[in-house]
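Here's the structure we're looking at; comments come further down.
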Amino acid sequence: MGNPKLEPNAWLVVLDLEATCGLDVPWYEKEIIEVRALVVSVAQHTAIAEFHAYVRPATYTAPLDPLCLSLTGVTQAQVDAALPFRRVFEDLVAFCAPYERHGIVVSVDEWDVTTMLPAQCARDEVPLPAFFRRHLTLKSVCKDVFGSTPVDVIAILLRLEMPLARYYDGGITYGRHLVAMVVHLLASGVIFETESQRKHRERNDYSVEVATLLT
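For the sequence shown, the working numbering begins at 220 and goes up steadily by one.
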């Protein structure tokens, strides 16, 4: 049996986080306050499952900064009524479990999965499952497709000729817009794969090509 980490992906778990921010909020006090995760079926080109939760910050206990409210769309009432990160993350890990074997995590850029999520897990002393390290960014995919790295979501929307108004939606709706970008790229023939998967696929393609020439 082959290594499932190198086999083609059946699932793309589109993950997007929001965190506390503000002019008086130092980087080391940032905490996750919203989690979106949507599973895209590569074969069906559609989302088949959604996870959405707000998170009650533990360390940054003052009211959310006005800048944070404006940038994230998260309200004070939503975080006040939410569960703490540890509980939300347990639910997220359980949600992702069925898709780990033949899936990878996709986020807009590196911040969500390589910066904020590990920092929050370390703060709460929660283990970060290996699945979240199998990660690809929309920015890197767009760089491969278009030849340059888009600076933000608006730039990706422009590249894909999708409505810019989608950038300003919040909650799970914003996550669905990210899924629409992924589906658009899938429908265009783009392969979502890690660098290791790409090298494995290219070696297999080369082996098949050589075998065909020799027959």
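Glycine residues also receive a C-beta, built at the ideal position from the N, C-alpha and C atoms.
For S260, the enclosing beta strand (DSSP E) has its first and last residue at 251-260. Counting C-beta pairs with one atom in each stretch, the segment 279-289 and the segment 233-241 have three or more that are closer than 8 Å, which means they touch. Residue burial is scored here from C-beta neighbours: Y393 has at least 16 other C-beta atoms within 10 angstroms and is therefore classed as buried. A281 has its alpha-carbon roughly 42 Å from the corresponding atom of V261. Within the segment 312-339, the complete beta strand (DSSP E) segments at least 3 residues long are 322-326, listed from N- to C-terminus. Residue state for I373 is assigned as helix, using DSSP reduced to three classes. Segment contact: the segment 356-369 against the segment 403-422, three or more CB-CB distances shorter than 8 Å; contact assigned. Taken through DSSP and simplified to helix, strand or coil, T278 comes out as coil. For L286, the enclosing alpha helix (DSSP H) starts and ends at 285-291. Assigned with DSSP and collapsed to three states, L231 falls in strand.
For Y273, the pairing in a beta bridge is given by DSSP as E253.
In terms of CA proximity to I375, A399 leads the group G390, G389, A399. Beta-bridge pairing by DSSP links E248 to no other residue.
Assigned with DSSP and collapsed to three states, H403 falls in helix. Distance from the CA of T368 to the CA of V254, rounded to the nearest whole angstrom, comes to 25 Å. As the crow flies, the alpha-carbon of V372 is around 31 Å from that of E344.
Of the candidates A277, V293, D331, F304, the residue whose Cα lies closest to the Cα of D235 is D331. For the pair R342 and T413, the Cα-to-Cα distance works out to about 28 Å.
Rounded to the nearest whole angstrom, the C-alpha separation of F270 and S415 is 28 Å. When rounded, the separation of the alpha-carbon atoms in L383 and L377 is 7 Å.
Between the alpha carbons of V298 and F304 lies a distance of about 11 Å.
Following the DSSP letters along the chain, one finds L355 inside the beta strand (DSSP E) bounded by residues 354-356.
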